[in-house]
Structures are given as C-alpha cells and as structure tokens.
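Student: In terms of our numbering, the sequence shown opens at residue 3 and continues consecutively. What follows is a structure written as structure tokens; I'll ask about it next.
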Amino acid sequence: VQLHLRSCPLELVAQLEVPVWPFVGVGGAMPPWTVRWWPDLPLMLDTLSPAGAGGTGRALDLEVARVVASHRPIWLAGGLGPDNVGLAVSTVRPFGVDASSRLEVRPGVKDHGLVTRFVAAARRAAHPPSGDNGARSE
3 VQLHLRSCPL ELVAQLEVPV WPFVGVGGAM PPWTVRWWPD LPLMLDTLSP AGAGGTGRAL
63 DLEVARVVAS HRPIWLAGGL GPDNVGLAVS TVRPFGVDAS SRLEVRPGVK DHGLVTRFVA
123 AARRAAHPPS GDNGARSE
C-alpha cells in the first residue's frame, strides 16, 4: 500500500496486515532523509508539483534519492520509463521502482512493449553482468 498521508499514527500502520510504503515527495522544503516518521518502513520517493504529490511524470533528483537510499530502503518513482530506469536503478540502488505514465499509450492504458522493456532494463541494472554497471538505455 502506498500511504499518501501527511501523518498517520504508527499504531495504525502497525495494525495493517499488508506492506505499507509511506510516500515522501521530493522537491519540498523538507529533505526526505530528515523524515522521522515510520522509521522502519521503506519510503516511496516521488516528485512534487504545485498540484500535488506524485503522478507528475517528472523524474526526481537521483542524487537526492541515492542519499536517502543509503540510509533506508526506498521505492523510487517519478518519471521512470524504459529509457531511464536502468540509470536510476544503477545510481540509486532502490528496494523497488514504480512507474505509470511513461508506460502508457494513453491515460490508464499500458503498452505491453514499454512495460516489457521497463522490467528488462530495471532487472539488468539491478543484476548487471560482471564489469557492467547496468546503466545503458534501450
């Protein structure tokens, strides 16, 4: 479950019987590595826009994500597609990745070929052959 709330009691999260990934928008006033709530949970990092958090289709700063990932597990989101997920995975080394709009042929309709290329590029970057950083694009 992606949890898009500004605050939620730890007691409530602890009662849930499904994995929970609190959302943290990158680009706001508070650096995401200073977030003190949910200390033992992976975070979902995505971009912020004036309209709200997430779903912007814009890539977030990979260096910021890398720093956060060096302190805790993260799910990486924000403008990921088959052409840039390899670089993102090899740079940040996230727990997982999330994508949506860059895999669609129109809103809400995924393109099988784009999804296949995205998964292949993410896997290649996560498990590169010896001597390869996995960052090449397709």
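Glycine included, each C-beta is placed from N, C-alpha and C at the ideal position.
With contact counted as at least three CB pairs below 8 Å, one residue from each stretch, are the stretch 105–115 and the stretch 68–77 in contact?
Tutor: With the cut-off at 8 Å, the stretch 105–115 and the stretch 68–77 do not touch.
Student: Answer with buried or exposed for Ala79, where buried requires no fewer than 16 other C-beta atoms within 10 angstroms of its C-beta.
Tutor: Buried.
Student: How far does the alpha helix (DSSP H) with Phe120 in it extend, from its first residue to its last?
Tutor: 114–128 is the span of the alpha helix (DSSP H), which, as asked, contains Phe120.
Student: To which residues of the same chain is Ala16 closer than 7 Å at the C-beta, ignoring the five residues directly before and after it?
Tutor: Cβ neighbours of Ala16 beyond the five flanking positions: none.
Student: How many angstroms separate the CA atom of Val117 from the CA atom of Pro130?
Tutor: Between Val117 and Pro130, the C-alpha separation is close to 19 Å.
Student: Determine the burial state of Gly1: buried for a count of at least 16 other Cβ atoms within 10 Å of its Cβ, exposed for fewer.
Tutor: Given a span of 3 to 140 for the chain in the structure shown, any question on residue 1 remains unanswerable.
Student: Please report the straight-line C-alpha distance between Leu43 and Phe97, rounded to a whole angstrom.
Tutor: Looking at the two C-alpha atoms, the distance is approximately 11 Å.
Student: Flag Val94 as yes if its beta-carbon sits less than 9 Å from any beta-carbon of chain C, otherwise no.
Tutor: Absent here is chain C; the protein component of the structure consists of one chain.
Student: Report the rounded CA-to-CA distance for Arg68 versus Val20, giving the unit in angstroms.
Tutor: If I take the Cα positions, the gap works out to 26 Å.
Student: So, for Asp100: in the same chain, excluding its five sequence neighbours on each side, which residues have a beta-carbon less than 6 Å away from its beta-carbon?
Tutor: The answer, listed in chain order, is Trp77, Ala79.
Student: Quick one: Cα of Leu50 to Cα of Trp23, how far?
Tutor: Distance between the alpha carbons of Leu50 and Trp23 is about 17 Å.
Student: Quick check on this structure: which residue in His114, Asp113, Ala71 has the alpha carbon closest to the alpha carbon of Thr93?
Tutor: Checking every option, the nearest Cα to that of Thr93 belongs to Ala71.
Student: Would a C-beta distance cut-off of 9 Å place Ala124 and Val66 closer than the cut-off?
Tutor: Not a contact, by the Cβ cut-off of 9 Å.
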